[in-house]
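My numbering runs 4 ahead of the 1-based position in the sequence shown.
Every residue, glycine too, gets a C-beta built ideally from N, C-alpha and C.
Notes for the one structure printed next.
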Amino acid sequence: MPATIETYTVPSIYAESSYFSVKADNTEIPVISFLTDRDYDYAHFSFSGSTTINITVSEPIHSYSISPLAFKIQGTLVGNQLTFDLQESRYLIVKINNLKELVLIADPLEVSVPPASGHGIYHVVTNYGADLTGETVATSAIQEAINDASSTGGGVVYVPEGVFLIGNLVLKSHVTLYLQGGAVLRATDHKEDYTVDFHKDSLNYDGTWLIQTEPNSTNITITGRGTIDGNGSWLRANQSFVSNLIVPILTSNFTIDGIIGRDAGLWALIPTRSNHVKITNYKGFQSLVDYEDDAIDIVESQNVLVTHTIAISEDDPFSTKTWNESTDIAQNWPGSPQVLENVTFDDCIAWTCCAAFKVGMGVEQVQRNVAFTNSYVYQASRALAIHHRFGKATAEHITFENIDIEQVIHTRNGPFWLHVEIEDSGRGIGPVTQVLFKNINVRDQGRLPSMLRGTDPFLIEGVTFEQIYMMGSTKPAATLEEMNIRNTELYVVNNIR
5 MPATIETYTV
15 PSIYAESSYF
25 SVKADNTEIP
35 VISFLTDRDY
45 DYAHFSFSGS
55 TTINITVSEP
65 IHSYSISPLA
75 FKIQGTLVGN
85 QLTFDLQESR
95 YLIVKINNLK
105 ELVLIADPLE
115 VSVPPASGHG
125 IYHVVTNYGA
135 DLTGETVATS
145 AIQEAINDAS
155 STGGGVVYVP
165 EGVFLIGNLV
175 LKSHVTLYLQ
185 GGAVLRATDH
195 KEDYTVDFHK
205 DSLNYDGTWL
215 IQTEPNSTNI
225 TITGRGTIDG
235 NGSWLRANQS
245 FVSNLIVPIL
255 TSNFTIDGII
265 GRDAGLWALI
275 PTRSNHVKIT
285 NYKGFQSLVD
295 YEDDAIDIVE
305 SQNVLVTHTI
315 AISEDDPFST
325 KTWNESTDIA
335 QNWPGSPQVL
345 ENVTFDDCIA
355 WTCCAAFKVG
365 MGVEQVQRNV
375 AFTNSYVYQA
385 SRALAIHHRF
395 GKATAEHITF
405 ENIDIEQVIH
415 TRNGPFWLHV
425 EIEDSGRGIG
435 PVTQVLFKNI
445 NVRDQGRLPS
455 MLRGTDPFLI
465 EGVTFEQIYM
475 MGSTKPAATL
485 EEMNIRNTEL
495 YVVNNIR
């Protein structure tokens, strides 16, 4: 059936791409230039039905790829145009010639879009006078809307298309923060506008939680097709200041659906000491240049689902961590350290210079029942990783299943496709046990041997490999050597089949 296509205005603070123009059928899709030429550009729209994508560049196209390759999307070339079809929501990375990559975000159409006015709607401009031009700070107006919505038992804080400068915001129980497509909550240029919530020792920078939840809150949602922008590259370079972009902390029943989280400058989205968290249709856009800019870290939380999500970052895009009270960033977290359990990453796309899908490095509290499934690695230095480096607790029952690995080319502790290690860093060591790797398609194994190494007295125990397909082979690997796992010590492999 004919497609229904929804596009979004380019916010005034962003430049349009000088490399790409994009159409879905005959509808122009704006393309945004992201940060530097060492990063990527992105085009964002929502649709239902079937649509034909046309990408035009300023030179004849002699090579292209559409990733994840596992989707098997075939294109047609005519001169300087690439054309292909989409029948469902896809997040794609398109590489044409030697140009920077184009990230194509074809979202599903929104469901249950709230009205801009009416009972239970707290419109930040109409009702609270927030400046949508980005000229003056809108923090107080938006916070007042959040407070009012929560105090009356719940409601929708409606942020329309426009640019809203913010300092810290605190989300409260039973509030939905709705960001219309084309809306941006943008961190200000001044560290004086923020509380100092932590000190990052490795950078020697103070930092803040840009948007956090009130401790012991419940039923909070951030949704829409808008953007939360941490302005992190600028703050880091000019103010020696960093932020965690979105911090659901000591909360329950928290949902993020559909938004773009971009340029935190440090770890971006970090659900912390929370339970029943769902992250879906989320786009985590971080720089490929800055260091320590993880896109999504699940920290000391339980019953978490991350699904249909793309995360791009120089550092780890998808990881789990557990810390203790002495850890630099955790010293002001409310509550006590918690175990991490029942965390699933499903239908996720990772692009990084570091580890794509990772447990650790912090394992100060137990991590159990963590699964990475039905997901894709575009680029990494380590595609799949369990790195037990800090802490004495156990990492157990970890699953990597149905993963497609394209390029293992970067050099941060690599490049190799598999990294499972217990490393003694002087902060204690602990066991790694019951790990399953199943149906892994390794298109690129990296130029170095992969690692499976314990540290006395702890072995890496109970490792099972099933259906590991190396470098285009249609036959599963039968030995560690066939999987290029040669950097080995103190491990127990139960099965290879």
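- Boundaries of the beta strand (DSSP E) harbouring T87: 85-90, taken from the DSSP string.
- The beta carbon of A375 sits closer than 6 Å to the beta carbons of T348, T403 from its chain, once the five residues preceding and following it are set aside; these are given in chain order.
- Distances from the CA of S429 to each of E368, N151, Q306 were compared; the closest alpha carbon is that of E368.
- Using a 10 angstroms sphere on the CB of G124, the tally of other CB atoms stays under 16, which defines it as exposed.
- The three-state secondary structure of W238, taken from DSSP, is helix.
- Fewer than three Cβ pairs drawn from the region 332-349 and the region 411-423 lie within less than 8 Å of each other, which leaves the two stretches out of contact.
- Sixteen is the threshold: since fewer than 16 other Cβ atoms of the shown chains lie within 10 Å of the Cβ of G157, the residue is exposed.
- As DSSP reads the structure, Q383 sits in a beta bridge with W355, Q411.
- Shown here, D210 sits in a strand according to DSSP, grouped into three states.
- Membership of D301 in the beta strand (DSSP E) is indicated by the continuous run 300-303.
- In this structure, G450 sits near R386, with a CB-CB distance shorter than 9 Å.
- K325 has V303 as its beta-bridge partners, per DSSP.
- About 5 Å separates the CB atoms of G458 and I426; that is less than 8 Å, so the two are in contact.
- Between the C-alpha atoms of A354 and G159 there is a straight-line separation of about 34 Å.
- With contacts defined as CB atoms closer than 9 Å, G185 and S50 qualify as a contacting pair.
- Taken atom to atom, the span from the alpha-carbon of W337 to that of P219 is near 9 Å.
- With at least 16 other beta carbons inside 10 angstroms of its own, S154 counts as buried.
- Of the candidates F38, T13, N102, N151, the residue whose Cα lies closest to the Cα of G265 is F38.
- Across the structure, V303 and Q216 are spaced so that their CA atoms are roughly 14 Å apart.
- Runs of the beta strand (DSSP E) lying entirely within the region 179-205 and spanning at least 3 residues, in chain order: 179-183, 187-191, 202-204.
- The region 81-98 and the region 117-133 do not touch, with fewer than three beta-carbon pairs separated by less than 8 Å.
- Annotated three-state conformation of T140 is strand, per DSSP.
- Membership of R266 in the beta strand (DSSP E) is indicated by the continuous run 264-266.
- R94 is the residue among R94, T87, A359 whose C-alpha sits nearest the C-alpha of T311.
- Here T8 has F51, S52, G53, L113 as same chain residues with Cβ atoms under 8 Å from its own Cβ, once five neighbours each way along the sequence are excluded.
- Here T492 has M455, L456, R457, L484 as same chain residues with Cβ atoms under 8 Å from its own Cβ, once five neighbours each way along the sequence are excluded.
- Distance from T212 to L169 at the Cβ level is roughly 15 Å; contact not present, criterion being Cβ atoms closer than 8 Å.
- By a beta-carbon distance limit of 8 Å, V167 does not contact K204. Their separation comes to about 28 Å.
- Shown here, E148 sits in a helix according to DSSP, grouped into three states.
- By the C-beta criterion, the region 224-233 is judged not to be in contact with the region 354-364, since fewer than 3 inter-stretch pairs fall below 8 Å.
- With a 10 Å radius around the Cβ and a threshold of 16 neighbouring Cβ atoms, T180 comes out buried.
- Secondary-structure assignment with DSSP links T398 through no beta bridge to anything.
- Between A299 and S317, the C-beta gap is smaller than 9 Å, which places the two residues in contact.
- P112 is bridged by DSSP to F51.
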